[in-house]
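Here's the structure we're looking at; comments come further down.
2 protein chains.
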Amino acid sequence: MTFSVTILGSNSALPTTKRYPTAQVLNVSERFFLIDCGEGTQLQLRSNKIKFSRINNIFISHLHGDHVFGLIGLISTFGLLGRTNDLHIYAHSDLETLLQPQIDYFCNDLGFKPVYHHLNTKEPETIFEDKSVTVTSFPLKHRVPTCGFLFREKQKEPNIRKEAITKYSLGIADIVKIKRGEPFFDSNGQQIYAGELILPPPPPRSYAFCSDTGYNPAMIPVIKNVDLLYHEATFAEEHKELAKKTTHSTARQAAEIAKEANAGKLILGHFSSRYDDLSVIENEAREIFPETYLVNDGDVWEVK
Amino acid sequence: MTFSVTILGSNSALPTTKRYPTAQVLNVSERFFLIDCGEGTQLQLRSNKIKFSRINNIFISHLHGDHVFGLIGLISTFGLLGRTNDLHIYAHSDLETLLQPQIDYFCNDLGFKPVYHHLNTKEPETIFEDKSVTVTSFPLKHRVPTCGFLFREKQKEPNIRKEAITKYSLGIADIVKIKRGEPFFDSNGQQIYAGELILPPPPPRSYAFCSDTGYNPAMIPVIKNVDLLYHEATFAEEHKELAKKTTHSTARQAAEIAKEANAGKLILGHFSSRYDDLSVIENEAREIFPETYLVNDGDVWEVK
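Chains as they are written, first to last, in the working numbering: chain Y, 22 to 325; chain A, 22 to 325.
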């Protein structure tokens, strides 16, 4: 099952010719969860061949323009493409106040309903759940109320060993019971060891999005053991004071979070336009957390 | 003196990977007049190396999203870049109502003032004038109130012939008078023929922007003899009924306007995404008006 994140934009507030402002899509078996929506997101979705109709949920971390200015254009385009499915938008409550008047003015005859879900910016909360994934929002530390998002696959049922189906002539009713964890007895009334019947399911994968935020160890319990962590690294340590003042993180701080959270891999983005050479960001983080990589627009990161 | 238009976006409502939504900049001696501002305009300005600080006037033809969604991002970026000059925005009065709440929310500490000029969408009006150019708005024919814009250079003073300066020992006071058209007498009291003293100035150049609009012959007197005419050609004649229904133009209709207006050259844009091959648009227009060209994003058209 696909579980990967595509980077649509990876710059901080001032977009460049190479990096759009923040936006990502998480692909969960070809259903797409959009995370943030900076200006040009719809163009990047097209460039990356993401089907617009597969996006039903948009998660907005906070209401700074570089994370949200692409939303009205995307909604307008959804409308022109004849969308009818509800569009769920998870964001600070102010978004509805700001966005809806624009929708009312610019997108008349919109064939679908934007459904606003107001984020709890004070404590972690499960905000979305379906059969295969849960999404938890949690507070970040920024100049305005901001949430990170944790996407976690649900634990799958074990798989039945093919050879066991033949050996014990398992029917569908047997398989359902075995998958549920009930004991199985063969035709002689002998209980069969579970390991002979089932293969353990793959462990559930998880992805966390943490941007924008200053150094925020409070979130570590929420993202503990995450497989793939995206964390902002707007600055290098040489601009630590500026990071503090603007409540952004340095690369070292991001790496410290990844280390403390025991993350599988750390990917960094939201770079300040002041760095022509980003190796300073990469090297600084790798000193603390070797499994660190810088993202580029168009990257696809598989969660493993 | 430069007088050219750079195409930043040339598609109709649905942007593609090759064509952004509508935006152009007219370069008048390295001062830039922005015309419309679809999503991604700031990215296209960067790609085309246009200095943001040289843009002081923005002309918005009408309030459909594909002509205006890039404005809030551009204004936000102007603010982050430390702009202090007033930014003049010429648009339908509703824009102020829609845009200002977003500016108030997203662009706090904005170091400059957006100055709104409400367009007269009923009749032609001179809306901007400085020492070298005048801008006239005029009504187009669309589903919402829409204006075209005519940019016209002012008549320059004649140049003094170098050989006349030597021959008649012309001082600055003489030159000023001759340029004004006053008679000049040599040391013998003989009046000198003006043609011996001056070179005629180049004729003033003009550029007209007409998008979005249905077939609109009412504007012909305003744009009569324009050197370069940009006209929308959303459709080909095969979709004439659709053009009528949506108050857009076919390529043939655009060409008829160019012919009737005695334009020097016609450039077409705002193409519907339905045409994979745009030669149908080009060929159709050229049958009526041979000097027709299709624009592409990134094109620079000199006005001659």
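Just so you know, even glycine gets a beta-carbon here, dropped at the ideal spot from N, CA and C.
If we count the other Cβ atoms within 10 Å of its Cβ and call it buried at 16 or more, is residue i buried or exposed?
i: L102 (chain Y); result: exposed
i: R226 (chain Y); result: buried
i: A229 (chain A); result: buried
i: V197 (chain Y); result: exposed
i: G216 (chain Y); result: exposed
i: S33 (chain A); result: buried
i: N78 (chain A); result: buried
i: Q65 (chain Y); result: buried
i: L140 (chain Y); result: buried
i: Q176 (chain Y); result: exposed
i: N48 (chain Y); result: buried
i: Q63 (chain A); result: buried
i: S208 (chain Y); result: exposed
i: K165 (chain A); result: The question names Lys, but residue 165 (chain A) is Val in the sequence shown. So V165 (chain A) counts as exposed.
i: T38 (chain A); result: exposed
i: R40 (chain A); result: buried
i: A194 (chain A); result: exposed
i: D298 (chain Y); result: exposed
Taking Cβ to Cβ, would you say residue i is nearer than 9 Å to residue j?
i: L250 (chain A); j: A284 (chain A); result: yes
i: T268 (chain Y); j: D233 (chain Y); result: yes
i: R75 (chain Y); j: R52 (chain Y); result: yes
i: E117 (chain Y); j: G86 (chain Y); result: no
i: N180 (chain Y); j: P224 (chain Y); result: no
i: V46 (chain A); j: T23 (chain A); result: no
i: L161 (chain Y); j: N237 (chain Y); result: yes
i: F127 (chain Y); j: I93 (chain Y); result: yes
i: F159 (chain A); j: E178 (chain A); result: no
i: H88 (chain A); j: A44 (chain A); result: yes
i: D107 (chain A); j: F133 (chain A); result: yes
i: V328 (chain Y); j: A257 (chain Y); result: Nothing can be reported for residue 328 (chain Y): it is not among the residues displayed for chain Y, which extend from 22 to 325.
i: T313 (chain A); j: H291 (chain A); result: no
i: P71 (chain Y); j: Y111 (chain Y); result: In the sequence as displayed, the identity of residue 71 (chain Y) is Ile instead of Pro. No, these two residues do not count as a Cβ contact at 9 Å.
i: E146 (chain A); j: T157 (chain A); result: yes
i: I96 (chain A); j: L131 (chain A); result: yes
i: V243 (chain Y); j: I288 (chain Y); result: no
i: F99 (chain A); j: F73 (chain A); result: yes
i: E281 (chain Y); j: I241 (chain Y); result: yes
Classify residue i as helix, strand or coil using the three-state DSSP reduction.
i: N304 (chain Y); result: helix
i: V243 (chain Y); result: helix
i: Y228 (chain A); result: strand
i: T62 (chain A); result: helix
i: L120 (chain A); result: helix
i: S97 (chain A); result: helix
i: T167 (chain A); result: coil
i: E51 (chain Y); result: coil
i: H88 (chain A); result: helix
i: L35 (chain Y); result: coil
i: T313 (chain Y); result: strand
i: F205 (chain Y); result: coil
i: R104 (chain A); result: coil
i: T187 (chain Y); result: helix
i: F133 (chain Y); result: coil
i: A112 (chain A); result: strand
i: H138 (chain Y); result: strand
i: V321 (chain Y); result: strand
i: L2 (chain Y); result: With chain Y covering 22 to 325 only, the question about residue 2 (chain Y) has no answer from this structure.
i: E178 (chain Y); result: coil
i: Q212 (chain A); result: strand
i: R40 (chain A); result: coil
Considering only DSSP beta bridges, list what residue i is partnered with.
i: K280 (chain Y); result: Beta-bridge pairing links K280 (chain Y) to no other residue.
i: E146 (chain A); result: A:S158
i: Q45 (chain A); result: A:I28 and A:I56
i: L249 (chain Y); result: Y:Y228 and Y:K286
i: N126 (chain Y); result: Checking the displayed sequence, the identity of residue 126 (chain Y) turns out to be Tyr instead of Asn. DSSP output for Y126 (chain Y) lists no bridge partner at all.
i: T271 (chain A); result: A:F256
Residues of chain D with CB under 8 Å from residue i, in chain order?
i: E305 (chain Y); result: Annotation note: the requested chain D is absent from the structure, which comprises protein chains Y and A.
For this session: Closer than 9 Å, Cβ to Cβ, to anything on chain Y: give me those residues from the segment 98-111 of chain A, in chain order.
Result: Within the segment 98-111 of chain A, the residues whose Cβ lies closer than 9 Å to some Cβ of chain Y are T98, L101 and L102, listed in chain order.
Exercise. The segment 83-94 of chain Y: which residues have C-beta closer than 9 Å to a C-beta of chain A, in chain order?
Worked result: Answer set for the segment 83-94 of chain Y: L84, H85, G86, D87, V89, F90, G91, I93 and G94.
Exercise. Name the residues in the segment 121-149 of chain Y whose C-beta lies less than 9 Å from a C-beta of chain A; which are they?
Worked result: The segment 121-149 of chain Y vs chain A, Cβ under 9 Å: P122, Q123, Y126, F127 and C128.
Exercise. Which residues, in order along the segment 66-78 of chain Y, keep a beta-carbon less than 8 Å from a beta-carbon of chain A?
Worked result: If you check each beta-carbon in the segment 66-78 of chain Y against every beta-carbon of chain A, the ones closer than 8 Å belong to R67 and S68.
For this session: Scan the segment 34-48 of chain A for residues whose Cβ lies nearer than 9 Å to a Cβ of chain Y and list them as they occur along the chain.
Result: The segment 34-48 of chain A vs chain Y, Cβ under 9 Å: A34, L35, P36, T37, T38, Y41 and P42.
Problem set entry | Contact residues within the segment 222-256 of chain Y, judged by C-beta distance below 9 Å to chain A | Within the segment 222-256 of chain Y, no residue qualifies.
Exercise. Which residues, in chain order, does the segment 51-66 of chain A contribute to contact with chain Y at a C-beta distance below 8 Å?
Worked result: Answer in chain order: E60, G61, Q63 and L64.
Problem set entry | Contact residues within the segment 158-188 of chain Y, judged by C-beta distance below 8 Å to chain A | Answer in chain order: no residues at all.
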